[in-house]
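Each residue of the sequence shown is one higher than the one before, starting from 8 at the first, in my numbering.
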Amino acid sequence: MKKILLPLFTLAILLIAGQSARAGGEVLGDFDGDAKSDIAVYRVDTSGTGQNSTWYILQSMTNSLRVVAWGLQGDIPLPFDYDGDNKADVAVVRQNFIGQNYFWHILQSSNNQLRTVQWGSPTQDQPLPGDYDGDGQTDIAVFRFANNTWYILQSANNQLRTQQWGAQGDEPVPFADYDGDNKVDIAVRRYDQGLSTFYILQSMTNSLRAQQWGTDEDETAPVDFDGDGKADVAVWRPSNGTWYVLRSTNGNLQSAQFGLNDDTPLPGDFDGDAKADYSVYRGGTAANPQGVWYILQSSNNVFRAVPWGQLGDFPV
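Structure, rendered in structure tokens:
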């Protein structure tokens, strides 16, 4: 099974603002609400003393550092706009001490208040938040591998939605709005004889879209590269550092070599032009602990290299 990209993801982040690198109406990694993805890392405390992990965010609006102590060792950082204020909330998912339940701990940017929700199980589920109901707030959700079912806590009405999709062995595809209705579409990726096919349940029409794209080597990276308000089926191939994008505007292939084999692909809209920029994070090494973000801005084709993070940090 290929790893699931949680851009700035982690794919983490998707906020409401112009159409850009988005899922269900959210822009990836925008902590300050200026409709641009912010460069950020999550540093885990490994001292064993129970100290908080720390978020280091380079806010694009002011080019200033924001530091937030939030999370513990073992937590999963999932910064999304859970409160609907067009800013990504610092958030983590934590399993309880007996490892049976997930607890979502969200620091809401709208009021600086903690929201805690029990949802999902670390032994069965993959957290997959997204705005599935189109109300402008990220819904807490998980995918259960045993029965290929999404369990979604809809923020619009606080009701449970369950949706079975795919077959055993399929990989859930996170956070993408392929049909442009500002709702995340449920989707899986299936591998067969070295190739992969995306099976998408389009929320606008409740119909299936099947799209063969990529190989079993490729990492999933579905965001809006062409600026039409729809996520493009897209992958990044580590062996040659190449992005392969199926443009939703015209059905044509868009490809670009950007990144190296050991990089982490993290597409986001760093220049605010409503199109995802090719971007990778190159983590630090023992010899050179400095992490660096490499970004190719779609607005002007200008290359940026931003030192941010260090050895052991997780890009979010």
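Note that the Cβ used here is the ideal one computed from N, Cα and C, for glycine as well.
Nothing here was measured: the structure is a model prediction, and the numbers come from that model.
Original post:
When DSSP labels each residue in this structure, what does residue 323 get in the three-state scheme?
Top reply: The sequence position of residue 323 within the sequence shown is 316, counting from 1. Residue 323: coil per DSSP, three-state reduction.
Original post:
Under 8 Å, do residue 239 and residue 233 count as touching if we go by C-beta distance?
Top reply: What you label residue 239 is simply residue 232 of the sequence shown in a count that begins at 1. What you label residue 233 is simply residue 226 of the sequence shown in a count that begins at 1. Their beta carbons are under 8 Å apart, which means residue 239 touches residue 233 by this criterion.
Original post:
Roughly how many whole angstroms lie between the Cα atoms of residue 312 and residue 50?
Top reply: For this step, residue 312 is matched to residue 305 along the sequence shown. For this step, residue 50 is matched to residue 43 along the sequence shown. Each residue's Cα considered, the two are about 20 Å apart.
Original post:
Can you tell me the Cα-Cα spacing of residue 60 and residue 99, whole angstroms?
Top reply: Counted from its first residue, the sequence shown places residue 60 at position 53. Counted from its first residue, the sequence shown places residue 99 at position 92. Each residue's Cα considered, the two are about 10 Å apart.
Subject >> Length-filtered (3 minimum) beta strand (DSSP E) runs lying within the stretch 249-277 >> reply: Runs found: 249-253, 260-264.
**OP:** Measure the C-alpha to C-alpha separation of residue 124 and residue 259 and round it to an integer number of angstroms.
**Re:** Here residue 124 refers to the residue found at position 117 of the sequence shown. Here residue 259 refers to the residue found at position 252 of the sequence shown. Take the alpha-carbon of residue 124 and the one of residue 259: they are about 42 Å apart.
**OP:** Please list, in chain order, all residues of the same chain as residue 219 whose beta carbon is under 7 Å from its beta carbon, the five residues on each side excluded.
**Re:** Walking along the sequence shown from the start, residue 219 turns up at place 212. 202, 204.
Original post:
Leaving out five residues before and five after residue 74 in sequence, what residues of the same chain have Cβ atoms less than 8 Å from its Cβ?
Top reply: On the sequence shown, position 67 is the one that residue 74 refers to. Excluding sequence neighbours, residue 74 sits near 61, 62, 63, 64.
Original post:
Can you tell me whether residue 319 is buried or exposed, with buried defined as 16 or more other CB within 10 angstroms of its CB?
Top reply: By 1-based counting over the sequence shown, the position of residue 319 is 312. Exposed.
Original post:
For the stretch 32-99, which segments carrying the alpha helix (DSSP H) assignment without a break, of at least 4 residues, lie completely within its bounds, in sequence order?
Top reply: Taken in chain order, the complete alpha helix (DSSP H) segments of 4 or more residues contained in the stretch 32-99 number zero; there are none.
**OP:** Round the Cβ separation of residue 122 and residue 89 to the nearest angstrom and send it over; I've been treating them as touching at under 8 Å.
**Re:** Stepping through the sequence shown from its first residue, residue 122 is reached at position 115. Stepping through the sequence shown from its first residue, residue 89 is reached at position 82. Right, their Cβ atoms sit about 7 Å apart.
Subject >> Cβ shell of residue 221 (< 7 Å), same chain only, five flanking positions each side left out >> reply: Sequence index remark: in the sequence shown, residue 221 carries index 214 (1-based). The residues are 203, 242, 251.
**OP:** Report buried or exposed for residue 120, applying the criterion of at least 16 other Cβ atoms within 10 angstroms of its Cβ.
**Re:** Locating residue 120 in the sequence shown gives position 113, counting from the first residue. The residue in question, residue 120, is exposed, as its Cβ has fewer than 16 Cβ neighbours within 10 Å.
Subject >> Span separating the alpha-carbon of residue 309 from that of residue 278 >> reply: Residue mapping note: residue 309 aligns to position 302 of the sequence shown, counting from 1. Residue mapping note: residue 278 aligns to position 271 of the sequence shown, counting from 1. If I take the Cα positions, the gap works out to 10 Å.
**OP:** Rank 104, 170, 111 by C-alpha distance to the C-alpha of residue 193 and give the top, closest one.
**Re:** Residue numbering aside, residue 193 sits at position 186 when the sequence shown is read from its first letter. Ranking the options by Cα distance to residue 193, first place goes to 170.
Original post:
According to DSSP, is residue 22 helix, strand or coil?
Top reply: The sequence position of residue 22 within the sequence shown is 15, counting from 1. For residue 22, the pLDDT reaches just 30, beneath the cut-off of 50, and the residue's location in the model is therefore unreliable, leaving the point undetermined.
Subject >> Where residue 307 falls: helix, strand or coil (DSSP) >> reply: Counting from 1 along the sequence shown, the entry for residue 307 is found at position 300. In this structure, residue 307 counts as coil in the three-state DSSP scheme.
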